[in-house]
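See below for the structure under consideration.
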Amino acid sequence: MSYRQARYDVELIQKMGDKGDVILPLPEDDEIPSELRRTSLDIPNLRENEVVRHYTNLSQMNFGIDNGFYPLGSCTMKYNPKYADILSSLPTVTDIHPCQDEEGVQGSLQLMYELEKSLAAISGMDAISLQPAAGAHGEFTGMLIIKAYHEGLGELRKEVIVPDTAHGTNPASAAMAGFEVVEIPSNEDGRVDLSALEAAISPRTAALMLTNPNTLGIFEKDIVKMAEIVHDAGGLLYYDGANLNAVMGRTNPGVMGFDVMHFNLHKTFATPHGGGGPGAGPVGVKAFLEPFLPAPRITLKNGTYHLTYDAKSIGKVRSFYGNFAVLVRAYAYILKCGSDGLKKVSDKAVLNSNYLCNKLVPSYDMPFKKLRKHEFVISAKRLKEERDITAMDISKRLLDYGMMAPTVYFPSLVEEALMIEPTETESIETLDQFADIMLSIMAEDPDLVKNSPYNTSVRRVDEVHAARELILSYLRLKRHLGDMQEIEEKHDVANNLMSDDYTGTE
Amino acid sequence: MTDERMLKSLGIDSIDDLFSDIPASVGIDDIDIPSGASEMEVIRKVTEILSANVTAYDHPCFMGGGVYNRFIPSAVKAIISRSEFVTSYTPYQAEVSQGMLQALFEYQSYIAELTGMEAVNSSNYDAATALGEAAAMCYRINKRKKFLIPQVINCDKRSTLRNYVKGIDMDIIEYSYDFDTGEVDLNDIMRKLDEDVAGVYIEVPNFLGVIDRQTVDIKSIIGDALLVVGVDPISLSLLKAPSSYGADIVIGEGQSLGSPMNFGGPMLGLFGCRQELVRKMPGRIIGLTKDAEGNRAFCMTLQTREQHIRRSRATSNICTNEALMAVAAAAYLAIVGRDGLQTIARSNMAIARKLRDALSSVDGVECSTLEAPFFNEFPARLPIKPEKMSKILLRNGIIGGVPLAKHVPEMGDCMLFAATEMVTDSDIDKLINIMGAIV
Ligand SMILES: Cc1ncc(COP(=O)(O)O)c(C=O)c1O
Numbered sequence: 007m008s009y010r011q012a013r014y015d016v017e018l019i020q021k022m023g024d025k026g027d028v029i030l031p032l033p034e035d036d037e038i039p040s041e042l043r044r045t046s047l048d049i050p051n052l053r054e055n056e057v058v059r060h061y062t063n064l065s066q067m068n069f070g071i072d073n074g075f076y077p078l079g080s081c082t083m084k085y086n087p088k089y090a091d092i093l094s095s096l097p098t099v100t101d102i103h104p105c106q107d108e109e110g111v112q113g114s115l116q117l118m119y120e121l122e123k124s125l126a127a128i129s130g131m132d133a134i135s136l137q138p139a140a141g142a143h144g145e146f147t148g149m150l151i152i153k154a155y156h157e158g159l160g161e162l163r164k165e166v167i168v169p170d171t172a173h174g175t176n177p178a179s180a181a182m183a184g185f186e187v188v189e190i191p192s193n194e195d196g197r198v199d200l201s202a203l204e205a206a207i208s209p210r211t212a213a214l215m216l217t218n219p220n221t222l223g224i225f226e227k228d229i230v231k232m233a234e235i236v237h238d239a240g241g242l243l244y245y246d247g248a249n250l251n252a253v254m255g256r257t258n259p260g261v262m263g264f265d266v267m268h269f270n271l272h273k274t275f276a277t278p279h280g281g282g283g284p285g286a287g288p289v290g291v292k293a294f295l296e297p298f299l300p301a302p303r304i305t306l307k308n309g310t311y312h313l314t315y316d317a318k319s320i321g322k323v324r325s326f327y328g329n330f331a332v333l334v335r336a337y338a339y340i341l342k343c344g345s346d347g348l349k350k351v352s353d354k355a356v357l358n359s360n361y362l363c364n365k366l367v368p369s370y371d372m373p374f375k376k377l378r379k380h381e382f383v384i385s386a387k388r389l390k391e392e393r394d395i396t397a398m399d400i401s402k403r404l405l406d407y408g409m410m411a412p413t414v415y416f417p418s419l420v421e422e423a424l425m426i427e428p429t430e431t432e433s434i435e436t437l438d439q440f441a442d443i444m445l446s447i448m449a450e451d452p453d454l455v456k457n458s459p460y461n462t463s464v465r466r467v468d469e470v471h472a473a474r475e476l477i478l479s480y481l482r483l484k485r486h487l488g489d490m491q492e493i494e495e496k497h498d499v500a501n502n503l504m505s506d507d508y509t510g511t512e
Numbered sequence: 004m005t006d007e008r009m010l011k012s013l014g015i016d017s018i019d020d021l022f023s024d025i026p027a028s029v030g031i032d033d034i035d036i037p038s039g040a041s042e043m044e045v046i047r048k049v050t051e052i053l054s055a056n057v058t059a060y061d062h063p064c065f066m067g068g069g070v071y072n073r074f075i076p077s078a079v080k081a082i083i084s085r086s087e088f089v090t091s092y093t094p095y096q097a098e099v100s101q102g103m104l105q106a107l108f109e110y111q112s113y114i115a116e117l118t119g120m121e122a123v124n125s126s127n128y129d130a131a132t133a134l135g136e137a138a139a140m141c142y143r144i145n146k147r148k149k150f151l152i153p154q155v156i157n158c159d160k161r162s163t164l165r166n167y168v169k170g171i172d173m174d175i176i177e178y179s180y181d182f183d184t185g186e187v188d189l190n191d192i193m194r195k196l197d198e199d200v201a202g203v204y205i206e207v208p209n210f211l212g213v214i215d216r217q218t219v220d221i222k223s224i225i226g227d228a229l230l231v232v233g234v235d236p237i238s239l240s241l242l243k244a245p246s247s248y249g250a251d252i253v254i255g256e257g258q259s260l261g262s263p264m265n266f267g268g269p270m271l272g273l274f275g276c277r278q279e280l281v282r283k284m285p286g287r288i289i290g291l292t293k294d295a296e297g298n299r300a301f302c303m304t305l306q307t308r309e310q311h312i313r314r315s316r317a318t319s320n321i322c323t324n325e326a327l328m329a330v331a332a333a334a335y336l337a338i339v340g341r342d343g344l345q346t347i348a349r350s351n352m353a354i355a356r357k358l359r360d361a362l363s364s365v366d367g368v369e370c371s372t373l374e375a376p377f378f379n380e381f382p383a384r385l386p387i388k389p390e391k392m393s394k395i396l397l398r399n400g401i402i403g404g405v406p407l408a409k410h411v412p413e414m415g416d417c418m419l420f421a422a423t424e425m426v427t428d429s430d431i432d433k434l435i436n437i438m439g440a441i442v
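Residue numbers (the numbering used here), protein chains in the order written: chain V, 7 to 512; chain W, 4 to 442.
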């Protein structure tokens with residue numbers, strides 16, 4: 007397969023158009039106080055078609071799921087159905103102000119109310135808040151709920167236990183909520199080590215955060231025992247819903263014994279990731295925690311929906327009610343799939359993953375040779391030792407074939423990790439093709455692989471240089487590089503960054 | 004068929020075998036929701052549910068308070084509908100993601116120009132969470148545990164902020180507001196300052212729309228506490244960059260820049276800081292660099308501050324952010340340009356004044372409650388309860404202002420009116436006629 011990504015010399019938009027920073031003449035009755043009046047604004051005036059070309063060309067130098075296979079482990083990059091685009095751009099979605107009177111937003115409230123019910127049914131939780139903007143935001147919200155719960159009981163519980171396979175947001179969110187993070191190791195099967203859990207648990211334990219299947223793609227089959235250990239000690243169980251795509255219709259966090267969870271609607275429920283966001287990270291809780299959910303809640307009374315505020319609520323974790331336009335997409339997706347469809351989604355995601363895994367192993371090593379769910383983690387350690395090809399090299403080389411790279415170097419307990427999640431929306435032909443490429447890269451000239459990629463818009467990018475120079479805006483560039491003319495002529499900022507008149511940051 | 008082939012290659016007969024490690028005790032039979040529907044049915048059903056909404060598309064809208072009904076050039080929508088942008092993940096693999104990376108760098112650059120902050124991240128969730136993160140960042144910088152905020156502030160921001168500082172046990176202290184002038188009480192800030200104050204937050208324009216002249220004096224009175232400024236990016240085309248009066252961190256709501264109101268989400272949290280503080284800043288950051296051949300390139304940078312590396316010691320837990328809204332902001336600013344942005348801001352001011360004058364002519368409505376100059380929003384005291392007024396206006400096809408009781412209890416009899424370029428003369432006439440008939 008041959009692939010060539012578009013490559014244009016696209017000037018920074020700040021350098022295009024007219025060069026000026028003049029302020030328009032002041033109106034006679036200008037009311038801006040002189041102390042605060044702006045005197046210059048360096049933003050170019052551009053023609054609309056120039057701007058459209060600029061961003062169209064940039065978009066062609068970007069790789070999305072609509073461009074090709076995206077086996078980015080943990081991120082569930084499935085196809086994003088187009089009906090959701092249409093629905094989320096209706097004026098009844100876009101042109102609604104969040105402070106409008108309830109009477110004027112009954113449609114929004116109904117959709118959210120019903121989405122909450124569906125998410126509760128899917129997860130086995132009792133109540134949902136759609137407020138958090140992303141998975142990590144949901145984790146933080148969940149941690150605040152857990153904190154409020156323990157405080158309500160008059161208990162000071164300061165520790166949250168997190169397995170070493172946990173996603174980085176788990177410990178980060180727990181710490182943000184003021185908890186001390188206790189990390190526990192995995193056992194030789196790649197699952198939580200029960201004795202380590204028992205050793206870590208104490209009256210200080212506020213919660214255990216877990217995703218199941220875990221980030222190795224392995225189902226934590228001792229989950230009932232784990233829940234018992236945590237609950238017996240008075241702690242709560244938090245479920246990271248990022249891996250929900252593996253088990254819908256087969257099990258759910260509710261029956262597994264989890265008390266609090268978040269969903270990643272931008273993973274499991276097919277909403278697009280937008281190059282980094284927006285997403286949505288609703289939280290779900292068991293009934294005894296419902297009063298703590300963020301405010302307001304959506305309630306239904308005599309056929310009318312209301313926004314209600316519970317006194318025990320933790321309050322707000324952001325403005326308004328959630329990433330509504332994302333919620334609309336997820337609502338439509340759940341409607342489209344239905345109960346039968348969602349089960350098929352998970353079944354197929356797991357089948358695709360195991361099929362692909364089977365094609366790659368044993369050519370690639372896989373620590374913890376166990377049944378996988380929707381994703382699996384292989385190691386390039388042997389390849390690194392024998393041929394000096396690292397997981398990073400493989401990931402870069404894959405780009406040359408028009409395939410997005412897997413997640414690399416995560417989870418950290420696997421050396422030279424490549425975390426692969428094909429999702430249910432890929433065909434067997436794509437999986438075969440990916441496997442063939444992965445196997446052929448193993449045999450390629452190491453130098454060729456190490457210097458890849460070649461067919462992308464730019465060659466291997468120097469991240470160390472970026473962190474050293476810390477040019478994060480055109481303003482910085484302008485202030486610290488002096489003569490912009492020179493840069494424009496060369497259109498080679500890199501060399502200019504190295505010039506003598508540039509004095510770095512730190 | 005394919006599935007059978009795949010099962011066969013795995014040496015198993017049924018997909019059930021792939022779930023054999025799930026104990027029966029946690030197994031379920033079914034998900035209790037209806038079975039699937041066709042695309043046509045889905046589109047019809049969702050459209051129908053949403054049709055109960057009253058939109059600013061069909062009705063005059065005078066609502067602001069942080070979210071504004073603005074005109075979005077069609078080209079912005081076209082640009083952020085490019086599926087290469089829409090369907091991509093966070094640009095971890097820089098080599099195939101230069102488009103998104105450059106667009107985000109351009110976004111950071113636009114916000115840097117408007118705010119004067121050389122370091123800008125590629126988005127927070129919204130202004131409220133950006134404020135929370137800013138307070139926590141102040142603590143990270145100077146390890147002090149008090150944070151001063153204005154008494155007059157959107158209540159969602161106040162509540163979100165309190166939650167964001169729970170983990171560090173920070174005290175949120177409100178400094179008072181002069182309800183005659185509409186400006187902050189500098190003396191009260193001075194009274195509340197001590198060596199434990201990490202930062203002082205001020206908004207320009209403030210929650211009631213006021214452009215407070217004293218803003219420029221604050222830095223000199225707060226000593227070495229950090230100055231956090233909340234901005235409205237549209238107004239920054241006319242107002243000085245906060246860097247010029249000593250801001251250390253600038254936050255704001257970027258929805259006005261090319262994103263729809265969307266019933267409050269997704270929004271766009273603006274976040275910038277002085278270059279020296281960048282290592283303490285939350286969120287994803289895009290930096291300029293070069294590729295192996297020395298060509299200009301972009302990549303995510305300073306990732307060592309982030310959760311996937313630093314875990315519990317990360318500067319923030321942000322992973323997914325609001326990147327596509329940041330691209331919308333860049334596209335918006337590119338299309339309207341320097342002149343366009345100033346023209347929009349000036350027209351907003353002019354329309355807001357027309358609206359104020361018209362409202363003042365309604366019996367019992369009092370508009371000039373504050374002496375200070377304002378941008379595009381102002382409170383009006385109403386002769387009937389603002390919540391009731393909202394309902395009456397709505398039934399007459401108008402989306403009124405934001406009732407203030409929830410946000411500023413001292414102004415429970417007021418409604419906050421906002422004017423953008425979308426408000427026409429006839430919208431104002433309609434509003435005045437209806438209000439005149441009620442009061
Ligand atoms: C396992 C896991 N947990 C949590 C998250 C955080 O979710 P978000 O990016 O929506 O904040 C992710 C996403 O990358 C994840 O893969």
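Beta carbons: idealized from backbone N, C-alpha and C, even for Gly.
No experiment lies behind these values; they were computed from the predicted model shown.
Cβ-heavy atom distance, residue i to ligand 1, below 7 Å
i: V/Thr221; result: yes
i: V/Ala248; result: yes
i: V/Asn329; result: no
i: V/Ala140; result: yes
i: V/Asn270; result: yes
i: V/Gly196; result: no
i: W/Ile135; result: Here residue 135 of chain W turns out to be Gly, not Ile, going by the sequence shown. No, the beta carbon of W/Gly135 sits no closer than 7 Å to any heavy atom of ligand 1.
i: V/Gly281; result: no
i: V/Gly70; result: no
i: W/Thr318; result: no
Residue environment, residue i, which counts as buried when at least 16 other CB atoms sit within 10 Å
i: W/Val187; result: buried
i: V/Leu404; result: buried
i: V/Thr147; result: buried
i: V/Tyr311; result: buried
i: V/Val470; result: exposed
i: W/Pro245; result: buried
i: W/Thr427; result: exposed
i: V/Pro288; result: buried
i: W/Met438; result: buried
i: V/Thr429; result: buried
i: W/Ala348; result: buried
Nearest-angstrom Cβ-Cβ length linking residue i and residue j, presumed shorter than 8 Å
i: W/Gly290; j: W/Thr304; result: 3 Å
i: W/Val253; j: W/Leu211; result: Wrong, their Cβ atoms sit about 20 Å apart, outside the cutoff.
i: W/Thr323; j: V/Ala140; result: 4 Å
i: V/Val99; j: V/Val334; result: 5 Å
Contact set between the region 398 to 411 of chain W and chain V, restricted to residues whose Cβ is under 7 Å from the partner
Ile402 and Val405
Which parts of the region 104 to 177 of chain W are runs of the beta strand (DSSP E), unbroken and 3 residues or longer, counting only runs that do not cross its ends?
149 to 153
Residues from the region 223 to 242 of chain W in contact with chain V, defined by Cβ distance under 8 Å
Leu239, Ser240, Leu241 and Leu242
Interfacial residues, the region 263 to 277 of chain W to chain V, with Cβ spacing under 7 Å
Pro263, Met264, Asn265, Phe266, Gly267, Gly268, Pro269 and Met270
Chain-ordered residues of the region 244 to 260 of chain W with a beta carbon less than 7 Å from chain V:
none
Name the residues in the region 380 to 406 of chain V whose C-beta lies less than 8 Å from a C-beta of chain W; which are they?
Ser401, Lys402 and Leu405
Within 8 Å of chain W by C-beta, residues of the region 445 to 475 of chain V in sequence order
Asn457, Pro459, Thr462, Ser463, Val464, Arg465, Arg466, Val467, Asp468, Glu469, His471, Ala472, Ala473 and Glu475
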